[in-house]
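Written below as structure tokens is the structure these notes are about.
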Amino acid sequence: MQKILGILAVLLSIIPNAYSQNDSSKVINLDEVVITATRTERKLGNIAVPVSIVTSKNIQQAASLRLNDILNEQAGLYITSGFGSGVQMQGLNPDYTLILINGEPLIGRTAGVLDLNRITVGNIQKIEIVKGPSSSLYGSEAMAGVINIITKQPINHQLSAGIRYGTYNTLDANVTTATKFNKLLVQIFSNYYSTDGYSIRPNSVERTVAPIKRYTHQIQLNYPFSNKTKLSILGRYNYENITNKIAVTNTGSTTYSDGIEKHNDYNINPIITHQFNSKTKSALRLYHSRFKSTQDLSTNTPNAYNDYFLQDFYRAENQTDYQINDKNALTIGTGYIVENVRSSRYDNKDNTKQSNVAYGFVQNEFKPSEKLNLIAGLRYDKNSIYASAFSPKLAIHYKSSKKISLNASIGRGFKAPDFRQLYLNFTNTAAGSYSVFGALEAQTQIAQLDKLGQIQSYENDYYKLAALQPEFSTGINIGSKYLISTTTFLDVNIFRNDIENLIDSRLVANYKNGAQIFSYLNVKNAYTQGIELNLTHKINTSITMTSGYQYLETADKDQIDAIKKGTVFTKDANGAARKMNLNEYFGLPNRSKHMANLKFLYEKNDFFINTRAIYRSKWAVSDKDGNGLYNNNDEFAQGFVQLNCSIGKQFNQIAVQTGCDNILNYTDVNNLPNLPGRTYYISFKYQLTKKQKK
Amino acid sequence: MKNSVTKLMSIVLLTVAMVSCKKEDTVLDTTNNGSFKVFTQGNITTVQNLQGDTIIGLNPTTGQPYGSGKFTFFSLSTGQIIANSDSATNKWDLAFRGTTILTNNGTSGPGLGGAYVQVGAFADVTKVSSDSTIKIDNAPNYAITTGSNKGWYVYNGANNLVTPIPGRVLIIRTATGKYAKVEILNYYRGGATPAASASDATKTSEQRYFTFRYTYQSSGSTTF
Numbered sequence: 012m013q014k015i016l017g018i019l020a021v022l023l024s025i026i027p028n029a030y031s032q033n034d035s036s037k038v039i040n041l042d043e044v045v046i047t048a049t050r051t052e053r054k055l056g057n058i059a060v061p062v063s064i065v066t067s068k069n070i071q072q073a074a075s076l077r078l079n080d081i082l083n084e085q086a087g088l089y090i091t092s093g094f095g096s097g098v099q100m101q102g103l104n105p106d107y108t109l110i111l112i113n114g115e116p117l118i119g120r121t122a123g124v125l126d127l128n129r130i131t132v133g134n135i136q137k138i139e140i141v142k143g144p145s146s147s148l149y150g151s152e153a154m155a156g157v158i159n160i161i162t163k164q165p166i167n168h169q170l171s172a173g174i175r176y177g178t179y180n181t182l183d184a185n186v187t188t189a190t191k192f193n194k195l196l197v198q199i200f201s202n203y204y205s206t207d208g209y210s211i212r213p214n215s216v217e218r219t220v221a222p223i224k225r226y227t228h229q230i231q232l233n234y235p236f237s238n239k240t241k242l243s244i245l246g247r248y249n250y251e252n253i254t255n256k257i258a259v260t261n262t263g264s265t266t267y268s269d270g271i272e273k274h275n276d277y278n279i280n281p282i283i284t285h286q287f288n289s290k291t292k293s294a295l296r297l298y299h300s301r302f303k304s305t306q307d308l309s310t311n312t313p314n315a316y317n318d319y320f321l322q323d324f325y326r327a328e329n330q331t332d333y334q335i336n337d338k339n340a341l342t343i344g345t346g347y348i349v350e351n352v353r354s355s356r357y358d359n360k361d362n363t364k365q366s367n368v369a370y371g372f373v374q375n376e377f378k379p380s381e382k383l384n385l386i387a388g389l390r391y392d393k394n395s396i397y398a399s400a401f402s403p404k405l406a407i408h409y410k411s412s413k414k415i416s417l418n419a420s421i422g423r424g425f426k427a428p429d430f431r432q433l434y435l436n437f438t439n440t441a442a443g444s445y446s447v448f449g450a451l452e453a454q455t456q457i458a459q460l461d462k463l464g465q466i467q468s469y470e471n472d473y474y475k476l477a478a479l480q481p482e483f484s485t486g487i488n489i490g491s492k493y494l495i496s497t498t499t500f501l502d503v504n505i506f507r508n509d510i511e512n513l514i515d516s517r518l519v520a521n522y523k524n525g526a527q528i529f530s531y532l533n534v535k536n537a538y539t540q541g542i543e544l545n546l547t548h549k550i551n552t553s554i555t556m557t558s559g560y561q562y563l564e565t566a567d568k569d570q571i572d573a574i575k576k577g578t579v580f581t582k583d584a585n586g587a588a589r590k591m592n593l594n595e596y597f598g599l600p601n602r603s604k605h606m607a608n609l610k611f612l613y614e615k616n617d618f619f620i621n622t623r624a625i626y627r628s629k630w631a632v633s634d635k636d637g638n639g640l641y642n643n644n645d646e647f648a649q650g651f652v653q654l655n656c657s658i659g660k661q662f663n664q665i666a667v668q669t670g671c672d673n674i675l676n677y678t679d680v681n682n683l684p685n686l687p688g689r690t691y692y693i694s695f696k697y698q699l700t701k702k703q704k705k
Numbered sequence: 036m037k038n039s040v041t042k043l044m045s046i047v048l049l050t051v052a053m054v055s056c057k058k059e060d061t062v063l064d065t066t067n068n069g070s071f072k073v074f075t076q077g078n079i080t081t082v083q084n085l086q087g088d089t090i091i092g093l094n095p096t097t098g099q100p101y102g103s104g105k106f107t108f109f110s111l112s113t114g115q116i117i118a119n120s121d122s123a124t125n126k127w128d129l130a131f132r133g134t135t136i137l138t139n140n141g142t143s144g145p146g147l148g149g150a151y152v153q154v155g156a157f158a159d160v161t162k163v164s165s166d167s168t169i170k171i172d173n174a175p176n177y178a179i180t181t182g183s184n185k186g187w188y189v190y191n192g193a194n195n196l197v198t199p200i201p202g203r204v205l206i207i208r209t210a211t212g213k214y215a216k217v218e219i220l221n222y223y224r225g226g227a228t229p230a231a232s233a234s235d236a237t238k239t240s241e242q243r244y245f246t247f248r249y250t251y252q253s254s255g256s257t258t259f
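Below, the structure is given as structure tokens:
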């Protein structure tokens, strides 16, 4: 923590001194409305928890295509590779960030990762990013935070179309249209994306990013029954088809296979809102989403591999907002979730696994004065499979002056064990014949195998197998927003997350043939802590600098205890062991201590140049010295800078934009498979409706 | 000025010369990239590239390499490899095959051998704790426990590499009832673990070359 404060002091001292400048355009819009932080509409400047907003203009000027493209450029977020592109927030794995689309959860995670490539940014109005545990409002998964994608609201007589073409035959096309039929407003959006993919590994049959075709269609209907009662229905359908050639080398011979992976998902979300009176508003939200994934590998041997996964999510929820008096605003909600999964990864793909959750939440916002704002919230989730979870949260916001505000919050987050951790029944015949069994399956499966005489021995962890508990975190965020001058704005947040009961896979038994059997246990405790800074500075009327920085420390608490006990060793140059010191400990793998981004935006009339640099310091990838944890003697991926630039100009109703990503052509075959070398693109956008002026 | 430069140069050269002299004194032959060698300095003997069986194939189901099945026998007292024909004698103290290490007693041999694994740095382990902690080989359970993260090594399934766990000292009772402490330094040819990104073929062909160091007490003393 001392280190963090030191860095903070240094950074504060280099902030340009305040100077006055006559400029009507603000450096930051603190009146921007945020919905995700409290589930009620609140101004950005008045929110007690760390929130940031990515606008459609930010997305457009960065020429992003998929959700991971734009999140990669935000402070403190890192896009991970492996099972698609996930997002790491405040040092927590992608499993612990809830991804919402218009307030409803996106489903279809693989190994805990929701692939952000599935989400086009073509119709996004804004992205709200809330950091810190938010389970008091959102329940499971909202441990590190919540990312809410808010799609564009329909505007009558709207027609817009865009097309972009770039390196690797990457094509992206969008059409949006909206029309009013009497009172019914209908908006249709379609996106097509395709790429040939690429391989940055020389002489590789398999492409690191495979050829992909993706379609997204979205329809939104808005119908006001009256001034007080409104109906909206949102429907979204997404399809993707991935083809790849895969080479598996086993026992010296190579098997080539053609892989076809298909993902289908849709969501439908009718919402009725009713304003009872000036003080009471209620919303009934129904939501259904289905995610279906199939993976077929056809090989020249009879061992074809077929994978099938089908997930259904149903939710009904009511939320009522009641303004008790001038000082108190109450939000009460209740809901029920049914989730079904069928998969060939479990015992039998025809057996449906089900989990039901009943929940209720309450939040009160107390405003004793203009300067002070206190929020208290609590949610209770009762699950049919595992223990129930209480998620409280307390937050305070204090505006000490027009320029400075302080906020602090403490909350508890949780993540329910997922179906994979409970039911997985997987034996990898392609590599080593090892097996992984879900916690609910392991003992039965292993007992059966033992009867068949296939088990050689049991590990200690076998006897610790028990019903999995949810993973819990306690998060503290303390921050400040400081309008240093009319041209300079600083946002600082210090965070600490203590995570208990982390689920990890452990060796539980051994087959007679030497292969191993794994299952899941609640075994780990960890923490992440750090500081995030965001500084915006208008250099002059046409140039704005935006910068973000995150310093991060992470640790496995048991590993710290072992180092302190003196039972952890590392090696000197000759391979001889010596005791490891705590200051050599690096923390959790795949996490960078320093991440930063710097953006210069030049904007004049209808022309802009947008240059962004994204930096990530080294991160641990492999335990080289064999001591089971990550320290300075281990293998690291090198730190790197990614530089992106785009230039755009508006000609009447047509916007033309061109750019280059990864200008420095930085690649790392082993550690950054999702970062191709330098790529170029050009895009055209046609818009019939004139830009809405504020 | 010129003078001082010359002076400085000579100091630098002298330092370099001294450093290189020191290097020549060390027992470890860092240029050795594959041959079997034994060096002794003080009471520490270092053994390089002791080949614990050669790999002749891969298990078709598990993909794990397997060898000809023969152990390499080693005597801690003489610092020499012992012929396989002497496997049923007291001449050897340790036998190596893949990641399995035998001691000369129980199901492994006719000697008085035994072992246990002590957590600690090699220099810090100065005493055999007591005879009761010494275990005897009883196949398939050995005194030096086999298996990843159980005895002396850890196997990483992600990159297929075997790494000795730092801070694991093997306390050995030899075939004749004397004591030794052993630290395994590396499992690959030339004492250099291949890179994680190296091919599986390289990882297979370079493995089973033990580099280790030991201190042997010929007096029968239990302190090192």
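In order, the protein sequences belong to chains A and B. Under the working numbering, the first residue of the first sequence carries the number 12, and numbering increases by one thereafter. Under the working numbering, the first residue of the second sequence carries the number 36, and numbering increases by one thereafter. Every residue gets a Cβ at the ideal spot worked out from N, C-alpha and C, and that includes glycine. Everything numeric in this text was worked out from a predicted model, so none of it was measured.
Start and end of the alpha helix (DSSP H) containing A/SER67? In the first sequence, the residue the question calls residue 67 of chain A occupies position 56. Following the DSSP letters along the chain, one finds A/SER67 inside the alpha helix (DSSP H) bounded by residues 67–72.
- Quick one: which unbroken beta strand (DSSP E) runs of 3-plus residues sit fully inside the region 506–582 of chain A? Chain order, please. Scanning the region 506–582 of chain A from its first residue to its last, the whole beta strand (DSSP E) runs of 3-plus residues come out as 527–549, 554–567, 580–582.
- Query: Going by DSSP, what residues sit across from A/GLU482 in a beta bridge?
  - Reply: The count along the first sequence starts at 1 and reaches residue 482 of chain A at position 471. A/LYS426.
Chain B within 8 Å of A/THR227, Cβ atoms only
Against the first sequence, residue 227 of chain A aligns to sequence position 216. Interface annotation, A/THR227: not in contact with chain B, CB-CB separation never under 8 Å.
| Any C-beta of chain A under 8 Å from that of B/LEU220 | For the purposes of this step, residue 220 of chain B is taken as the residue at position 185 of the second sequence. It does; some Cβ of chain A falls within 8 Å.
If you draw a straight line from the C-alpha of B/VAL129 to the C-alpha of B/TYR101, how long is it?
Within the second sequence, residue 129 of chain B is the residue found at index 94, counting from 1. Within the second sequence, residue 101 of chain B is the residue found at index 66, counting from 1. A small correction: the amino acid at residue 129 of chain B is Leu; Val does not occupy that position in the sequence shown. So the two alpha carbons sit approximately 20 Å from each other.
*How many Å lie between B/VAL163 and B/GLY212 at the Cα?*
Looking up residue 163 of chain B in the second sequence gives position 128. Looking up residue 212 of chain B in the second sequence gives position 177. Take the alpha-carbon of B/VAL163 and the one of B/GLY212: they are about 13 Å apart.
Discussion item. I want to verify the contact list: residues of chain B whose CB lies under 9 Å from the CB of A/PHE580, in sequence order.
Written reply: Within the first sequence, residue 580 of chain A is the residue found at index 569, counting from 1. In chain order: VAL154, GLY155, ALA156, ILE200, PRO201, GLY202, ARG203.
Short CB-CB distance (under 8 Å) between A/ALA122 and chain B: For the purposes of this step, residue 122 of chain A is taken as the residue at position 111 of the first sequence. Between A/ALA122 and chain B, the shortest Cβ-Cβ separation is not below 8 Å.
Identify the contact partners of B/ASN191 in chain A, using a Cβ-Cβ distance below 8 Å as the criterion. As a working mapping, residue 191 of chain B is identified with position 156 in the second sequence. Within 8 Å Cβ-Cβ: SER633, ASP634.
### Message
Let's test the definition: count the other Cβ atoms within 10 Å of the Cβ of A/ALA258 and tell me whether it reaches 16, buried, or not, exposed.
### Response
Your numbering for residue 258 of chain A matches position 247 in the first sequence. It counts as exposed.
Inset, instruction - Please look up how many angstroms separate the CB atoms of A/PHE425 and A/GLU350, rounded, as I've assumed it's under 8 Å. - result: Locating residue 425 of chain A in the first sequence gives position 414, where the first residue counts as 1. Locating residue 350 of chain A in the first sequence gives position 339, where the first residue counts as 1. Contact flag wrong, Cβ pair sits at about 16 Å.
task: Consult DSSP for A/LEU383 and reduce its assignment to one of helix, strand or coil.
output: Counting from 1 along the first sequence, the entry for residue 383 of chain A is found at position 372. Three-state result, A/LEU383: strand.
Practice problem: Note down, in chain order, every chain B residue with its Cβ under 8 Å from the Cβ of A/GLY637. | Solution: Locating residue 637 of chain A in the first sequence gives position 626, where the first residue counts as 1. Taking the beta carbon of A/GLY637 as reference, the chain B residues within 8 Å of it are TYR188, VAL189, THR198, PRO199, ILE200, PRO201, listed in sequence order.
**OP:** Give every residue of the same chain whose Cβ lies closer than 7 Å to the Cβ of B/THR161, excluding the five residues on either side of it in the sequence, and list them in chain order.
**Re:** Your numbering for residue 161 of chain B matches position 126 in the second sequence. Hits under 7 Å: THR258, PHE259.
Tell me which residues of the region 666–690 of chain A have at least one Cβ-Cβ distance to chain B shorter than 9 Å, keeping chain order.
Answer in chain order: VAL680, ASN681.
Going along chain A in order, which residues have a C-beta closer than 9 Å to the C-beta of B/ALA231?
Here the question's residue 231 of chain B lines up with position 196 in the second sequence. Simply VAL632, SER633, LYS635, GLU646, ASN681.
Item to check | Identified DSSP bridge partners for A/VAL715 | outcome: Chain A is shown only over 12 to 705; residue 715 of chain A falls outside these bounds and no answer can be derived.
**Item:** Three-state class that DSSP yields for B/THR168 in the structure shown
**Value:** Position 133 of the second sequence, counting from 1, holds the residue named residue 168 of chain B. Under the three-state reduction of DSSP, B/THR168 is assigned to helix.
| Excluding the five sequence neighbours on either side, which residues of its own chain have a C-beta within less than 6 Å of the C-beta of A/ARG225, listed in chain order? | For the purposes of this step, residue 225 of chain A is identified with residue 214 of the first sequence, where counting begins at 1. Counting only Cβ-Cβ distances below 6 Å, and skipping sequence neighbours, we find TYR204, GLU251.
query: Using a Cβ-Cβ cut-off of 6 Å (strictly less than) and excluding sequence neighbours within five positions of A/SER293, which residues of its own chain qualify?
result: Looking up residue 293 of chain A in the first sequence gives position 282. Counting only Cβ-Cβ distances below 6 Å, and skipping sequence neighbours, we find HIS285, THR331.
_Here's the rule: buried if 16 or more other CB atoms are within 10 angstroms of the residue's CB, otherwise exposed. What is A/ASP269?_
For the purposes of this step, residue 269 of chain A is identified with residue 258 of the first sequence, where counting begins at 1. Its Cβ having fewer than 16 others within 10 Å, A/ASP269 is exposed.
- request: Give the DSSP-derived three-state secondary structure of A/SER399 in the structure shown.
  value: In the first sequence, the residue the question calls residue 399 of chain A occupies position 388. Of the three classes helix, strand and coil, the one that applies to A/SER399 here is coil, per DSSP.
For A/ASP502, I'd like the list of residues in its chain whose CB is within less than 6 Å of its CB, leaving aside the five on either flank, ordered along the chain. The residue given as residue 502 of chain A occupies position 491 in the first sequence. Cβ neighbours of A/ASP502 beyond the five flanking positions: LYS492, ASN545.
Quick one, which residues of the region 580–594 of chain A are near chain B if we go by CB-CB under 7 Å, in chain order?
So the list reads PHE580, THR581, LYS582, ASN585, GLY586, ALA587, ALA588, ARG589, LYS590, given in the order they occur along the chain.
Integer Cβ distance of B/GLY226 from B/GLN83, believed to fall under 8 Å = The residue given as residue 226 of chain B occupies position 191 in the second sequence. The residue given as residue 83 of chain B occupies position 48 in the second sequence. That pair is a contact at about 6 Å.
Presumed contact (8 Å Cβ cut-off) between A/LEU518 and A/PHE529, rounded CB distance: Here residue 518 of chain A refers to the residue found at position 507 of the first sequence. Here residue 529 of chain A refers to the residue found at position 518 of the first sequence. Correct: roughly 6 Å between the Cβ atoms.
Worksheet entry | Cβ contact check for the region 405–418 of chain A and the region 373–384 of chain A: 3 or more pairs under 8 Å | Contact check between the region 405–418 of chain A and the region 373–384 of chain A: three or more CB pairs, one atom from each, fall below 8 Å, which counts as touching.
*Among A/GLY97, A/ASN79, A/SER147, the one whose alpha carbon lies nearest that of A/GLY422*: By 1-based counting over the first sequence, the position of residue 422 of chain A is 411. A/SER147 is the residue among A/GLY97, A/ASN79, A/SER147 whose C-alpha sits nearest the C-alpha of A/GLY422.
Only counting the same chain, and skipping five residues up and downstream in sequence, which positions put a Cβ closer than 6 Å to that of A/GLY371? Here the question's residue 371 of chain A lines up with position 360 in the first sequence. Closer than 6 Å at Cβ, skipping near neighbours: THR345, TYR391.
Next on the checklist: Any contact between the region 106–125 of chain A and the region 152–159 of chain A? By contact I mean 3 or more CB pairs, one from each, below 8 Å.
Outcome noted: Contact between the region 106–125 of chain A and the region 152–159 of chain A is present, because at least three Cβ pairs lie under 8 Å.
Self-check item: A/GLY525 at chain B interface by Cβ criterion, 8 Å
Solution: Numbered from its first residue, the first sequence carries residue 525 of chain A at position 514. It does: the Cβ of A/GLY525 has a partner Cβ on chain B nearer than 8 Å.
> For A/TYR677 versus A/GLY177, is the C-beta spacing smaller than 8 Å?
Replying inline: Indexing the first sequence from 1 puts residue 677 of chain A at position 666. Indexing the first sequence from 1 puts residue 177 of chain A at position 166. Contact: no.
Integer Cβ distance of B/GLY202 from A/PHE580, believed to fall under 8 Å: Counting from one through the second sequence, the residue named residue 202 of chain B turns up at place 167. Counting from one through the first sequence, the residue named residue 580 of chain A turns up at place 569. By a beta-carbon distance limit of 8 Å, B/GLY202 contacts A/PHE580. Their separation comes to about 3 Å.
Next on the checklist: With distance defined between alpha-carbon atoms, name the residue in A/ILE90, A/ILE571, A/GLN465 nearest to A/GLY102.
Outcome noted: The sequence position of residue 102 of chain A within the first sequence is 91, counting from 1. The shortest C-alpha separation from A/GLY102 is found at A/ILE90.
Self-check item: B/THR107 versus A/VAL632: straight-line alpha-carbon distance, rounded
Solution: Residue numbering aside, residue 107 of chain B sits at position 72 when the second sequence is read from its first letter. Residue numbering aside, residue 632 of chain A sits at position 621 when the first sequence is read from its first letter. Each residue's Cα considered, the two are about 35 Å apart.
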